[in-house]
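Novice: This is the structure I have questions about; it appears just below.
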Amino acid sequence: MFKKGVKIKAESKLGEAHVKTLRRDLLESLPFLDETMLDNIMPRKTPIHIVKLSNRAFVFKAGAEGNPVFFDPEGRGVYLPTLYAIWKMPTGTVPAVCTYSEVSRKLLHGADLMMPGVVASDTLGEFKLGDVRAAYVCAPDGTRRHTQPFAVGTMETDSDTVAKNGLKGKGLRNIHVFGDLIWEMGDKSKPHVSFQKDRCFLEDDPSLPEEDPEPAAPAPAQSKQAAAAAESSDSSDSEDDDDDSEDEIDEVVDGVKAMSVKKELTIDEKVELALKRALLAVADGDLPIPSDKFFNDRMKPHLNELDADVKKSSYKKASKIFSTFEKKKWLSLKAIHKVENLVAVNRDAAPLQELMQEEGVLGSASGAASGAGGGESAAGGSAEGEGRGRVIISTHYKVGSMLRPIFGAAAQMDRDRTFSETDVRENLNNYLTQNQLWIDGGDRSKGCKIDDLLLDGLVNKKEKEEMADATFSLDEMISKLIAKLQALTHVRRFPPDGGEPLENTRKGQCKHVFIQVEDRHAGRKFITRISGMEYFAMEPEELANSLQKVYNASSSVAKLPGKQETGKEISIQGNLLTEAATYLRDVMGVPEQYIDRNDKRK
Numbered sequence: 001m002f003k004k005g006v007k008i009k010a011e012s013k014l015g016e017a018h019v020k021t022l023r024r025d026l027l028e029s030l031p032f033l034d035e036t037m038l039d040n041i042m043p044r045k046t047p048i049h050i051v052k053l054s055n056r057a058f059v060f061k062a063g064a065e066g067n068p069v070f071f072d073p074e075g076r077g078v079y080l081p082t083l084y085a086i087w088k089m090p091t092g093t094v095p096a097v098c099t100y101s102e103v104s105r106k107l108l109h110g111a112d113l114m115m116p117g118v119v120a121s122d123t124l125g126e127f128k129l130g131d132v133r134a135a136y137v138c139a140p141d142g143t144r145r146h147t148q149p150f151a152v153g154t155m156e157t158d159s160d161t162v163a164k165n166g167l168k169g170k171g172l173r174n175i176h177v178f179g180d181l182i183w184e185m186g187d188k189s190k191p192h193v194s195f196q197k198d199r200c201f202l203e204d205d206p207s208l209p210e211e212d213p214e215p216a217a218p219a220p221a222q223s224k225q226a227a228a229a230a231e232s233s234d235s236s237d238s239e240d241d242d243d244d245s246e247d248e249i250d251e252v253v254d255g256v257k258a259m260s261v262k263k264e265l266t267i268d269e270k271v272e273l274a275l276k277r278a279l280l281a282v283a284d285g286d287l288p289i290p291s292d293k294f295f296n297d298r299m300k301p302h303l304n305e306l307d308a309d310v311k312k313s314s315y316k317k318a319s320k321i322f323s324t325f326e327k328k329k330w331l332s333l334k335a336i337h338k339v340e341n342l343v344a345v346n347r348d349a350a351p352l353q354e355l356m357q358e359e360g361v362l363g364s365a366s367g368a369a370s371g372a373g374g375g376e377s378a379a380g381g382s383a384e385g386e387g388r389g390r391v392i393i394s395t396h397y398k399v400g401s402m403l404r405p406i407f408g409a410a411a412q413m414d415r416d417r418t419f420s421e422t423d424v425r426e427n428l429n430n431y432l433t434q435n436q437l438w439i440d441g442g443d444r445s446k447g448c449k450i451d452d453l454l455l456d457g458l459v460n461k462k463e464k465e466e467m468a469d470a471t472f473s474l475d476e477m478i479s480k481l482i483a484k485l486q487a488l489t490h491v492r493r494f495p496p497d498g499g500e501p502l503e504n505t506r507k508g509q510c511k512h513v514f515i516q517v518e519d520r521h522a523g524r525k526f527i528t529r530i531s532g533m534e535y536f537a538m539e540p541e542e543l544a545n546s547l548q549k550v551y552n553a554s555s556s557v558a559k560l561p562g563k564q565e566t567g568k569e570i571s572i573q574g575n576l577l578t579e580a581a582t583y584l585r586d587v588m589g590v591p592e593q594y595i596d597r598n599d600k601r602k
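Going left to right, the sequence shown walks through residues 1 to 602 as UniProt numbering numbers them.
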């Protein structure tokens with residue numbers, strides 16, 4: 001997740017109090033870490049710097065010019081050690097997961113590790129979903145492995161599932177690898193010459209090149225299974241020199257498919273992907289929409305593109321898909337005149353957010369079908385060739401000083417940070433778990449009790465005595481917590497060129513873009529004015545320049561009239577009332593309901 005266009009946004013030195021909090025949180029969240037190791041990695045007198053990245057992650061460096069040692073991949077107070085930190089720990093401190101040298105090249109380019117690509121699975125031991133693991137290169141027979149890892153991530157399955165189902169499905173969520181941005185923030189050292197840009201070799205591999213290979217080639221002395229994994233990962237069409245029979249070659253091809261890190265999606269995964277793309281493509285202004293119409297008009301094109309037949313999936317029919325993912329809080333359904341309708345899409349749901357980050361703007365790299373307004377260009381075809389942007393408007397919350405401990409180090413170190421409702425739920429759930437506030441040791445069905453911090457922060461003085469020993473459900477606690485947070489409007493815009501998403505958070509309701517056309521000379525000259533684009537993370541100068549090119553009309557930008565106004569106004573020659581609104585909707589992704597038009601022609 002630190003390979004594709006992630007940038008450094010800011011860096012600052014942590015205060016002593018924040019460093020103490022960070023050290024405590026690290027020791028609590030990483031069970032393999034102890035005080036001695038932490039002192040070696042983060043000496044107590046060394047200043048700790050925090051670096052904020054464009055993907056919401058935080059990276060902690062030991063000194064202004066020191067190496068990054070820990071990071072919070074999603075800014076939620078969940079910490080992982082960097083490779084620099086692991087390389088300073090005693091060998092084997094971080095539990096290992098081993099893979100083939102040939103598979104390492106795909107992980108180095110950001111792919112997750114599937115369970116078929118794991119070597120010597122019996123050495124994994126007991127593990128749970130989300131456990132931190134370091135990825136090592138291992139010999140195909142599992143007899144030896146590299147002394148240092150080349151990647152860090154979290155497990156996407158657990159040992160009980162592996163014991164039951166075997167080596168199937170996802171294994172390690174690959175978060176940080178040798179050669180990514182976090183590694184480049186340090187001194188760019190490597191523990192051994194076997195760490196190459198495109199592949200990690202075993203230390204005693206005879207095929208180890210003297211310099212970084214370009215491109216890396218499979219070693220001639222590979223095992224068949226390992227070579228198959230690499231061959232599949234690279235989609236190579238090279239011929240095998242061995243005199244294998246046709247049956248044996250087919251056997252190797254089967255091994256290729258099984259060992260591939262980038263395994264083909266199952267039918268259920270294809271259905272899930274089609275649903276995610278369809279949900280993200282539908283505009284809020286098009287809701288509610290009958291669920292059968294949504295399935296046929298919005299979801300089926302994605303299913304056809306992925307060659308997925310719902311009848312062959314475990315869902316069997318559309319109604320089962322919708323009910324399943326309503327329970328997962330991706331969407332909301334409601335019966336209107338006895339007809340089931342899709343009434344809301346939870347665009348803050350983690351799987352939908354992940355898809356947006358992976359594929360960028362809908363309908364671009366993936367070729368997904370667009371939602372309402374689809375891939376149509378602006379009126380008259382003037383915007384032909386433009387991509388299609390996407391705007392997501394949601395409510396975020398800012399946390400006051402009293403309640404910041406609930407949200408961990410992320411809120412305490414960045415006081416301006418805002419949280420979605422999903423973030424609020426997750427952080428509160430983590431706080432209740434860490435402080436053992438669930439009744440009967442974690443039985444969520446029986447509710448939770450509240451501690452002094454929650455009592456002071458969420459309960460009115462008059463209610464404190466009667467509420468002190470009361471129990472609450474998680475939903476009741478979330479309602480009480482949200483009522484105490486400052487609600488803000490959060491706009492996230494994905495540019496039509498597929499660049500990094502732009503964000504804007506402001507108090508109050510989201511204001512509209514205002515477009516007005518005026519008669520400047522007795523019906524012979526007109527001027528179009530546009531304001532309010534800043535609320536949608538658009539720079540007035542950039543928008544004016546784009547409109548000028550698309551419609552071949554001169555434009556200018558000036559401050560809005562009035563002392564209280566802080567925004568800017570675009571003036572464009574000619575009557576572009578309809579064209580400008582179409583461009584903002586179909587190219588920039590501004591929802592129709594947030595565009596106001598006014599025709600002042602005489």
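Ideal placement from N, C-alpha and C gives every residue a C-beta, glycine not left out.
What does a CB cutoff of less than 6 Å around Ser223 pick up in its chain, not counting 5 residues either side in sequence?
Specialist: By 1-based counting over the sequence shown, the position of residue 223 is 223. Note that Ser223 scores a pLDDT of 43, beneath 50, so its modelled location is shaky; the value from the coordinates is reported in the next line. Counting only Cβ-Cβ distances below 6 Å, and skipping sequence neighbours, we find Pro140.
Novice: Relative to the C-alpha of Ser556, which candidate in Leu577, Gln564 and Thr528 has its C-alpha closest?
Specialist: As a first step, residue 556 is located in the sequence shown; it is residue number 556 there, counting from the start. Among Leu577, Gln564 and Thr528, the Cα nearest to that of Ser556 belongs to Thr528.
Novice: By alpha-carbon positions, which one of Met155, Glu534 and Gly589 ends up nearest to Lys568?
Specialist: Taking the first residue of the sequence shown as position 1, residue 568 is located at position 568. Comparing Cα-Cα distances from Lys568 to each of Met155, Glu534 and Gly589, the minimum goes to Glu534.
Novice: Quick check on this structure: which residue in Glu466, Leu454, Thr471 and Glu465 has the alpha carbon closest to the alpha carbon of Leu481?
Specialist: Translated into the one-based positions of the sequence shown, residue 481 becomes position 481. Of the candidates Glu466, Leu454, Thr471 and Glu465, the one whose C-alpha sits nearest the C-alpha of Leu481 is Leu454.
Novice: To the nearest angstrom, report how far apart Thr99 and Arg173 are at their CA atoms.
Specialist: Residue numbering aside, residue 99 sits at position 99 when the sequence shown is read from its first letter. Residue numbering aside, residue 173 sits at position 173 when the sequence shown is read from its first letter. Roughly 14 Å separates the two Cα atoms.
Novice: So, under 8 Å CB-CB, Pro68 and Val59 are touching, yes? Tell me the CB distance rounded to an integer number of Å.
Specialist: For the purposes of this step, residue 68 is taken as residue 68 along the sequence shown, with counting starting at 1. For the purposes of this step, residue 59 is taken as residue 59 along the sequence shown, with counting starting at 1. About 5 Å; that satisfies the 8 Å criterion.
Novice: What are the boundary residues of the alpha helix (DSSP H) that Val270 is part of?
Specialist: Position 270 of the sequence shown, counted from the start, is the residue given in the question as residue 270. One detail in the question is off: residue 270 reads as Lys in this sequence, not Val. Where Lys270 is concerned, the enclosing alpha helix (DSSP H) stretches over Ile267 to Ala281.
Novice: Mind checking which residues open and close the beta strand (DSSP E) that includes Ala151?
Specialist: On the sequence shown, residue 151 is found 151 positions in, with the first residue counted as 1. Here the beta strand (DSSP E) through Ala151 covers Ala151 to Met155.
Novice: To test your reading of the DSSP string, which unbroken beta strand (DSSP E) runs of 3 or more residues are found completely within the stretch 415-472?
Specialist: Segments of the beta strand (DSSP E) lying fully in the stretch 415-472: 418-420.
Novice: Between Lys45 and Leu129, what straight-line distance do the alpha-carbon atoms span, to the nearest angstrom?
Specialist: Numbered from its first residue, the sequence shown carries residue 45 at position 45. Numbered from its first residue, the sequence shown carries residue 129 at position 129. For Lys45 and Leu129, the distance between alpha carbons rounds to 36 Å.
Novice: Could you tell me which residues DSSP pairs with Ile595 in its beta bridges?
Specialist: Within the sequence shown, the letter at position 595 stands for residue 595. Ile595 is bridged to Val513.
Novice: Please report the Cβ distance between Arg347 and Leu280, rounded to the nearest whole angstrom; I am assuming they are in contact, meaning their Cβ atoms lie under 8 Å.
Specialist: Locating residue 347 in the sequence shown gives position 347, counting from the first residue. Locating residue 280 in the sequence shown gives position 280, counting from the first residue. Yes, Arg347 and Leu280 are in contact; Cβ-Cβ is about 7 Å, under 8 Å.
Novice: Kindly indicate which three-state DSSP category Ala410 falls into: helix, strand or coil?
Specialist: Taking the sequence shown and counting its residues from 1, the one referred to as residue 410 is at position 410. If DSSP states are grouped into helix, strand and coil, Ala410 belongs with the helices.
Novice: Excluding sequence positions up to five away, which residues of its chain have a Cβ less than 7 Å from the Cβ of Val6?
Specialist: Within the sequence shown, numbered from 1, the residue matching residue 6 stands at position 6. Cβ neighbours of Val6 beyond the five flanking positions: Leu53, Ser54, Asn55 and Leu181.
Novice: Residues in the same chain with beta-carbon distance under 7 Å from Ala349, minus the five sequence neighbours each way, listed in chain order, please.
Specialist: By 1-based counting over the sequence shown, the position of residue 349 is 349. Excluding residues within five positions, the ones whose Cβ falls inside 7 Å are Lys329, Trp330 and Thr422.
Novice: Determine the direct distance from the alpha carbon of Glu466 to that of Glu65, and round the result to whole angstroms.
Specialist: Here residue 65 corresponds to residue number 65 of the sequence shown, with the count starting at 1. Here residue 466 corresponds to residue number 466 of the sequence shown, with the count starting at 1. Rounded to whole angstroms, Glu65 to Glu466 spans 54 Å at the Cα level.
Novice: Please list, in chain order, all residues of the same chain as Lys600 whose beta carbon is under 8 Å from its beta carbon, the five residues on each side excluded.
Specialist: Residue mapping note: residue 600 aligns to position 600 of the sequence shown, counting from 1. Gln516, Val517, Glu518 and Asp519.
Novice: Counting along the chain, where does the beta strand (DSSP E) carrying Tyr551 start and finish?
Specialist: Within the sequence shown, the letter at position 551 stands for residue 551. Where Tyr551 is concerned, there is no enclosing beta strand (DSSP E), although the alpha helix (DSSP H) it sits in stretches over Pro540 to Tyr551.
Novice: With DSSP run on the structure shown, which of helix, strand or coil describes Gly66?
Specialist: Within the sequence shown, residue 66 is the residue found at index 66, counting from 1. Of the three classes helix, strand and coil, the one that applies to Gly66 here is coil, per DSSP.
Novice: Can you tell me where the alpha helix (DSSP H) holding Ser29 begins and where it ends?
Specialist: For the purposes of this step, residue 29 is taken as residue 29 along the sequence shown, with counting starting at 1. Note, Ser29: alpha helix (DSSP H), Glu16 to Ser29.
Novice: Classify Thr161 as helix, strand or coil using the three-state DSSP reduction.
Specialist: Position 161 of the sequence shown holds residue 161. Helix.
Novice: Indicate the three-state DSSP secondary structure (helix, strand or coil) for Arg390 in the structure shown.
Specialist: Counting from one through the sequence shown, the residue named residue 390 turns up at place 390. Three-state DSSP puts Arg390 in a strand.
Novice: Roughly how many angstroms lie between the CA atoms of residue 608 and Gly408, to the nearest whole one?
Specialist: Residue 608 cannot be examined here, being either before or after the span of the chain that is shown, 1 to 602.
Novice: Please work out which residues of its chain come closer than 8 Å, Cβ to Cβ, to Asn545, disregarding the five sequence neighbours upstream and downstream, and give them in chain order.
Specialist: Locating residue 545 in the sequence shown gives position 545, counting from the first residue. Contacts found: Ser555.
Novice: Tyr397 by DSSP, collapsed to three states: which one?
Specialist: What you label residue 397 is simply residue 397 of the sequence shown in a count that begins at 1. DSSP places Tyr397 in strand when its eight states are reduced to three.
Novice: When you compare only the Cα positions, how much space is there between Asp456 and Ala470?
Specialist: Indexing the sequence shown from 1 puts residue 456 at position 456. Indexing the sequence shown from 1 puts residue 470 at position 470. Their backbone Cα atoms lie some 14 Å apart in a straight line.
Novice: So, with DSSP's three-state summary, where would you put Thr489?
Specialist: Walking along the sequence shown from the start, residue 489 turns up at place 489. Of the three classes helix, strand and coil, the one that applies to Thr489 here is strand, per DSSP.
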